[in-house]
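Just so you know, the working numbering puts the end of the sequence shown at 1150, numbered straight through with nothing missing.
Where a beta carbon is used, it is the ideal one built from N, C-alpha and C, also for glycine.
Bear in mind the structure is a predicted one, so any value in this text is a computation, not a measurement.
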Amino acid sequence: MTFHIQFWGVRGSIASPGPDTASVGGNTSCVELRIDDTRIILDAGTGLRRLGDSMLQAGVEEAHLLLSHYHWDHIQGLPFFVPAYLPSTQLTIYGAQGTAGVDKVLAHQMTSPVFPVRFDELSSHLATKELRHGERFRIGPANVRAAKVNHPGGCMAYRIEHAGCSVVYATDTEHYSCVDPTLVDLAEGADLLIYDSQYTPEEYAGQVGPSKVGWGHSTFEAGAALAKAASVGEYLLFHHDPRRTDDGVAEIEARARQLFRRSRAAREGMGIDLVSPSWKAA
């Protein structure tokens, strides 16, 4: 059984390349799950471009793309995803139900004069599917559950499970005064929680710069509280602020570990292998 997680983009809001962010990475949200022979992609941020190149090198011709929502930093990589231009590629894109629909939102991004190739000109065998809060479905051998979280315009979190292993992807969500019961239920007992940790508590409260309340993002403090409440195996800080330097990410990683020992910051290029309970017991 193979259950591998690969991080191709971990940054939030806008890509932030440069010497101060090179270690953590500057590409926006894109996480790949390889579950046996099935490829599941979480979000289409700028990290999707390099993932597409990797798929071409490996000869992978089928993928399932789960979009958390349609803000630009989570879809901007799609026009540069080379497999989408190849007739040999089977690509299914999933997203939340809305007034526009998945295909219309993605088509809007690829219109003149913003982009020279239209969405309907992509040569791949492309299908879109709209999801409801609480919907459960299968992708290959994996079970997937979607849940709506707190973000302007709406956002979906996902739980992906296979052979006793589970990952929860909850980016672009703002915590409440209590731990979000929807996310506690979604993340209960998960091996890995990937959670929006864009701000420090001081930044969120406006003690450093303007208040971030209502902006739709969370803190490592809220992430650690969720990790404890849901009894997850490991908590990964994700969706790093574009202004957060490598040293700054290391600092909030250390602070998160004081609250939940099994915490670490997601970094571009990081790979994690999950194993089934039988392997853990061995």
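- Setting aside the 5 residues that flank it on each side, Pro-1020 is surrounded in the same chain by Gly-1084, each with a C-beta closer than 6 angstroms to its C-beta; the list follows chain order.
- Shown here for Ala-995: same chain residues with a beta carbon closer than 7 angstroms to its own, the five before and five after excluded, namely Thr-960 in chain order.
- If the five residues before and after Glu-1003 are omitted, its C-beta is found closer than 7 angstroms to the C-beta atoms of Ala-1014, all from its own chain and listed in chain order.
- Counting C-beta atoms within 10 angstroms of its own C-beta, Ala-968 has fewer than 16 neighbours from the protein chains shown and is therefore classed as exposed.
- Taken in chain order, the whole alpha helix (DSSP H) runs of length 4 or more contained in the segment 910-974 are 916-926.
- Secondary structure note for Lys-1080: it is in no alpha helix (DSSP H), with a DSSP letter that is neither H nor E.
- For the pair of segments examined, the segment 1054-1066 was found not to touch the segment 972-988: the number of CB pairs separated by less than 8 angstroms stays below three.
- The beta carbon of Thr-896 sits closer than 6 angstroms to those of Gly-877, Arg-879, Ala-883, Gly-913, Thr-914 and Asp-941, all from its chain and outside the five residues before and after it, given in chain order.
- With respect to Thr-1039, His-1108 sits apart: the two C-beta atoms are not nearer than 8 angstroms.
- Excluding the 5 residues flanking it on each side, Phe-987 has same chain C-beta neighbours closer than 6 angstroms at Leu-974, Ala-975 and Met-978, in chain order.
- Under DSSP, Cys-1033 shares a beta bridge with His-1030.
- With fewer than 16 neighbouring CB atoms inside 10 Å of its own CB, Val-1081 falls in the exposed class.
- In this structure, the CA atom of Pro-951 is about 15 angstroms from the CA atom of Gln-944.
- In the three-state DSSP reduction, Gly-1074 falls in the coil class, being neither helix nor strand.
- Counting along the chain, the unbroken beta strand (DSSP E) around Ile-1062 starts and ends at 1060-1064.
- When only Cα atoms are considered, Ile-873 and Tyr-1037 end up about 11 angstroms apart.
- Taking the Cα of Leu-1105 as reference, the smallest distance to any Cα among Glu-929, Ile-1007 and Ala-1124 is reached at Ala-1124.
- When secondary structure is reduced to three states using DSSP, Ile-882 falls in the coil class, being assigned neither helix nor strand.
- Here the C-alpha atom of Leu-924 lies approximately 17 angstroms from the C-alpha atom of Val-899.
- Going by beta carbons, His-937 and Ile-908 fall outside the 8 angstroms limit.
- Here Phe-1128 carries a coil assignment [DSSP, helix/strand/coil].
- In this structure, Ser-922 keeps its C-beta atom at 8 angstroms or more from the C-beta atom of Pro-955.
- With a cut-off of 8 angstroms on Cβ pairs, the segment 1085-1095 is in contact with the segment 1065-1074, counting three or more such pairs.
- In the three-state scheme derived from DSSP, where H, G and I count as helix and E and B as strand, Arg-907 is classed as strand.
- Residue range 1049-1055 is occupied by the alpha helix (DSSP H) that includes Val-1052.
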